[in-house]
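In my numbering, the protein residues as written are 42 to 396.
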């Protein structure tokens with residue numbers, strides 16, 4: 042069995058050449074959008090810190106930073122502005138203490154733990170400031186597809202479930218057979234290739250200064266695993282967006298945004314994806330299979346991987362022929378009940394929040 046440190050490092054994609062922003066057309070990007078970096082803004086962020094949160098590897102505790110907010114806000118604002126303007130990201134902001142959070146299953150299996158990164162608190166404040174610029178751009182320009190409900194303004198688990206099952210229920214109520222594929226990426230946040238993400242940041246129209254800072258923030262990252270009172274040696278991070286970071290979820294949304302281009306029945310909540318469609322005829326079922334094939338091709342092109350053992354099919358409707366579907370060369374199992382964003386859904390469209 043791999044120890045936690047070796048296991049969490051083993052899930053990364055193969056390292057590409059050092060991430061150079063100019064390789065991805067950033068110098069030809071849009072004009073600069075200046076974030077609000079000033080003493081008052083920084084002081085407000087410091088005052089809003091949760092003093093019970095854990096510090097990052099630099100050991101700058103939020104309680105201390107909060108108490109000294111009035112004193113340190115101006116020098117921090119100068120550091121933040123310089124980092125933004127030059128694109129230089131301090132090494133301390135690119136280190137993470139990884140705490141394994143148990144999910145379910147066997148406790149001696151590292152696969153059953155979610156790695157949460159504890160990073161520098163000052164670094165996270167600048168992340169928040171930059172996130173505001175990024176999210177404003179994404180919202181103003183309607184960049185993120187309507188199918189994405191995770192980490193998106195005015196959307197949630199509830200809007201995901203209502204949007205999807207309102208459609209499925211209407212199909213079933215009018216006598217249709219409906220097949221839904223529940224899809225699961227393997228280590229999605231950890232697998233994101235930095236070079237492909239950089240291209241997508243440029244493609245979605247972010248300005249060159251923002252993209253340069255993000256690329257440098259992702260480059261040459263290291264992490265160590267904390268378990269009880271011990272810590273591992275430092276390991277290089279060659280791919281992914283840090284789970285537990287401020288920017289990570291937004292960057293993942295940008296990366297996965299074109300996953301369902303050309304597909305009508307796909308809906309996402311971060312890395313949880315489901316695809317559904319009417320399945321009355323062989324042609325209907327063939328369309329669903331073609332969509333699954335397209336998703337598999339997307340995953341290969343983007344150096345991602347579906348966890349086929351966790352991908353399941355739910356069949357709805359009294360006249361459903363229980364068609365079998367595959368992901369790549371692996372046949373997907375059918376299920377009578379699946380957990381969908383915390384809600385149990387069975388093949389009769391009954392929903393429950395309890396097991």
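Cβ coordinates follow ideal geometry from the N, Cα and C atoms, glycine included.
| Query | Result |
| --- | --- |
| Pairwise C-alpha distance: residue 324 and residue 334 | 15 Å |
| Residue 93 in three-state terms, based on DSSP | coil |
| Same chain, Cβ closer than 8 Å to residue 332, neighbours up to 5 away in sequence not counted | 304, 306, 307, 316, 318 |
| Per-residue burial, residue 301 [other beta carbons within 10 Å of its own, 16 or more giving buried] | buried |
| Beta carbon of residue 257 nearer than 8 Å to that of residue 129 | yes |
| Residue 141, enclosing beta strand (DSSP E) - first and last residue | 136-143 |
| Rounded Cβ spacing between residue 125 and residue 161 (contact assumed at less than 8 Å) | Between residue 161 and residue 125 the Cβ distance is about 16 Å, and since that is not below 8 Å, they are no contact. |
| For residue 316: DSSP bridge partner residues | 222, 307 |
| DSSP bridge partner residues for residue 354 (one or two, in chain order) | 222, 375 |
| Residue 354 beta carbon less than 8 Å from that of residue 225 | no |
| Cβ pair count under 8 Å reaching 3, the stretch 375-392 against the stretch 277-292 | no |
| As assigned by DSSP and simplified to three states, the class of residue 129 | coil |
| Neighbourhood of residue 132 by C-beta distance below 6 Å, restricted to the same chain and skipping five residues each side | none |
| Within the stretch 231-267, ranges of the alpha helix (DSSP H) (whole runs, at least 4 residues) | 235-244, 249-259 |
| Sequence-distant residues of its chain with Cβ nearer than 8 Å to residue 390 (five each side left out) | 206, 209, 210, 213, 357 |
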